[in-house]
């Protein structure tokens with residue numbers, strides 16, 4: 017699932033989507049809106065995108081990740097429109113066959129690549 021949405025991200029729905037009985041871990045990254053940036057107050061973010069093109073790019077990034085890591089199922093969702101402080105803006109999730117201590121680092125690398 018690679019999607020751009022104006023709606024709040026359903027995190028439990030994404031976990032349910034990537035759940036696989038043959039996999040041993042779910043790795044998540046949840047990007048949220050913070051209240052500051054480089055010493056300046058932030059009251060909200062307003063993301064813009066051309067959804068069809070953005071979803072193609074999310075799918076391309078997902079396929080690239082699948083080539084690098086043993087990923088069973090994947091979901092990457094990004095919000096567009098206004099996103100208030102502490103709300104989720106981006107949520108890539110992947111279900112891996114094996115849990116490992118390097119899973120957290122992998123999650124962070126994936127988060128930065130998007």
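In my numbering, the protein residues as written are 17 to 130.
Even glycine gets a Cβ: it sits at the ideal position worked out from N, Cα and C.
Pop quiz: residue 97 and residue 63 are said to be a contact at Cβ under 8 Å. What is the actual Cβ separation, rounded to whole angstroms?
6 Å
Using only alpha-carbon positions, find the residue among 91, 86, 67 that is nearest to residue 38.
86
Helix, strand or coil: which one does DSSP assign to residue 69?
Helix at residue 69.
I need the DSSP call for residue 88, collapsed to helix, strand or coil.
strand
Residue 60 burial status per 10 Å Cβ neighbour count (16 or more: buried):
exposed
Between the Cα of residue 46 and the Cα atoms of 65, 30, 55, which residue gives the shortest distance?
30
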